[in-house]
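Numbering (the UniProt record's numbering), first residue to last: 1 to 189.
Yeah, the Cβ is synthetic: ideal placement off N, Cα and C, and Gly gets one too.
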Amino acid sequence: FRRFFNSANRFFNQDVQGKMKDTEKNKLFTELVAQYSEKLYWTIRRIVLNHDDANDVMQNVFVKAWNNLDQFEERSKPSTWLYRIAINESLDFLRRKRDFVAYDSNLTDGVGSRLVADEYFDGDATQAALQEAIAKLPDVQRVVFNLRYYEEMKYSEMSSLLNTSEGSLKASYHIAVKKIYNHLLSKNT
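As structure tokens, this is what we get:
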């Protein structure tokens, strides 16, 4: 992990970023993919809910990262940069998907049963109910909940990532937890 950041810092600190050698760019990109693929996949998957869609979005994330690698600025860590791309691509995917399918709250009602049937899902009925509750959250609340609950990301990191105040993020998380709790209660009654 430390070796990656030393390599990344050395790479990004070059004065002539636009003229870097292709081999250096390829090496750094390979390290980025190896370092972040799995974490990004699960972040994306929790937002878009489907394995195939998550793979498509993740491919778009790495294409965008490759195309913009030369413009990466050291204002943030490579992980923050990649997460920002991943979250934006995921939300864009959901917006495009909604443009093709009129929003219907029933679309999220069957998430639990679809998850249990999904060959890539390895949870139980409780986990499926939790995922269904998360799926019913508005996009921003879902992202905040997933980053805080699953990624255990600090509010300060989320604030930088999402360009939102920590107070707003805390409120979104609190509201999301209440909605999830109420959904799970209604499933058990």
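Close-in-space but distant-in-sequence residues of the same chain around residue i (CB under 7 Å, 5 per side omitted)
i: F93; result: V48, D53 and V57
i: D139; result: L91 and L94
Coil, strand or helix - residue i by DSSP
i: N106; result: For N106, the predicted structure reports a pLDDT of 47, less than 50, and the residue's modelled location is therefore unreliable. The matter cannot be settled from this model.
i: F41; result: Going by the sequence as given, residue 41 is Tyr instead of Phe. Here Y41 sits in helix by DSSP.
i: P138; result: coil
i: D92; result: helix
i: R46; result: helix
i: E151; result: coil
i: K178; result: helix
i: T164; result: coil
i: F72; result: coil
i: D52; result: helix
i: K27; result: helix
i: K97; result: helix
i: K77; result: coil
i: D124; result: coil
Closest Cα partner of residue i within the set the options
i: V63; options: T80, R98 and V33; result: V33
i: A133; options: N163, K179 and K170; result: K179
i: N68; options: L28, K97 and L91; result: L28
i: S159; options: N182, Q131 and S76; result: S76
i: V61; options: D70, Q71 and W81; result: W81
i: M153; options: F72, K39 and D139; result: K39
i: W66; options: R95, N26 and E74; result: N26
Spatial distance of residue i from residue j (CA atoms)
i: Y41; j: S186; result: 30 Å
i: F145; j: Y173; result: 5 Å
i: E151; j: L161; result: 13 Å
i: Q14; j: Q35; result: Only weak support exists for where Q14 lies, its pLDDT of 47 falling under 50; the value from the coordinates is given anyway. Whole-angstrom Cα-Cα distance: 22 Å.
i: A125; j: S168; result: 32 Å
i: Y155; j: R45; result: 21 Å
i: Y149; j: L130; result: 12 Å
i: A135; j: T23; result: 41 Å
i: R96; j: E74; result: 31 Å
i: A128; j: S165; result: 31 Å
i: Y181; j: R98; result: 26 Å
i: N188; j: Q59; result: 38 Å
i: Q71; j: S37; result: 21 Å
Rounded Cβ spacing between residue i and residue j (contact assumed at less than 8 Å)
i: A86; j: Q141; result: That pair is no contact at about 17 Å.
i: T30; j: Y83; result: T30 to Y83, Cβ: 19 Å. No contact.
Close-in-space but distant-in-sequence residues of the same chain around residue i (CB under 8 Å, 5 per side omitted)
i: V143; result: I47, I87, S90, L91 and L162
i: R170; result: Reading off the sequence, residue 170 comes out as Lys, not Arg. Closer than 8 Å at the Cβ level, and outside the excluded window around K170, lie Y155.
i: L137; result: F145, A176, K179 and I180
i: N55; result: Y41
Own chain partners of residue i with C-beta closer than 6 Å, once the 5 adjacent residues on each side are dropped
i: L147; result: M153 and M158
i: G112; result: Legend: pLDDT at G112 = 49, less than 50; position of this residue unreliable, no value from coordinates given.
i: H183; result: A133
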